[in-house]
Amino acid sequence: MASRQDGGGYQPPKYDDVAGPDYEPLRDLAEAGEESLQPRRSAERPKQWTTGICGCFSDLQTCCLGLWCPCLLFAKNVEMLTGNPSIGPCILHSGVGAAVASVMIFFFGPFGLLCSCASCYASMYRKQIRGKYGLEEAPCNDVMLHYCCHFCALCQEFRELREAGAGAGPYSGTPLEPPVQQSIAQY
């Protein structure tokens, strides 16, 4: 509340001195120099994905694989991310996902499709991809993205891993040049 003295006008309240252990007086800009004019960044801003979530049709081979056999594309993504070729992620993605969906459909009818564990499983690897390459969580949360646009998310992750050069090795499908044709010369 404002205090009134001598019946006069408004008098603002007195505040305590703000000087404390973390108080630093302001410096003159000329004294501070150029470094004070530069923005300070506590952490790097996350990078954007190289392709959008709806960029599936830019790579039809990946689009078809993601649409008709997402478990294989998911296994390829895990292989490129971890460097370990394995069929385990494919089996977990398809087998466990189908088993849980079947049980849920049996008990809850069409509403059972809402309980997909494949989305949760795949979103864990999307988070690893984002962490490894410093990517932003876009266009929404990883779980929600895989839940609503699972096939598109798998394709986007594959394109991102391929662009980053992940998985270069004997299983990467990197084309090799054939050896030079040799012939025997007759003397």
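Residue numbers (the working numbering): 61 to 247.
The beta-carbon is built from N, C-alpha and C at its ideal position, and this holds for glycine as well.
Start-to-end residues for the alpha helix (DSSP H) that takes in residue i
i: L195; result: No alpha helix (DSSP H) contains L195, which DSSP labels as neither H nor E.
i: G155; result: No alpha helix (DSSP H) contains G155, which DSSP labels as neither H nor E.
i: I244; result: Where I244 is concerned, there is no enclosing alpha helix (DSSP H), given that its DSSP letter is neither H nor E.
i: T142; result: 130-142
i: D202; result: 202-208
i: P149; result: 148-151
Cβ pair residue i, residue j closer than 9 angstroms
i: P130; j: F211; result: yes
i: C215; j: T122; result: yes
i: E220; j: T142; result: no
i: F134; j: A198; result: no
i: H206; j: R222; result: no
i: A178; j: S146; result: no
i: G126; j: C116; result: yes
i: N137; j: F218; result: yes
Opposing strand residues paired with residue i [DSSP bridges]
i: K107; result: L195
| query | Can at least three beta-carbon pairs, one atom from the region 186-193 and one from the region 159-170, be found at a separation below 8 angstroms? | reply | With contact defined as three or more Cβ pairs closer than 8 angstroms, the region 186-193 and the region 159-170 are not in contact.
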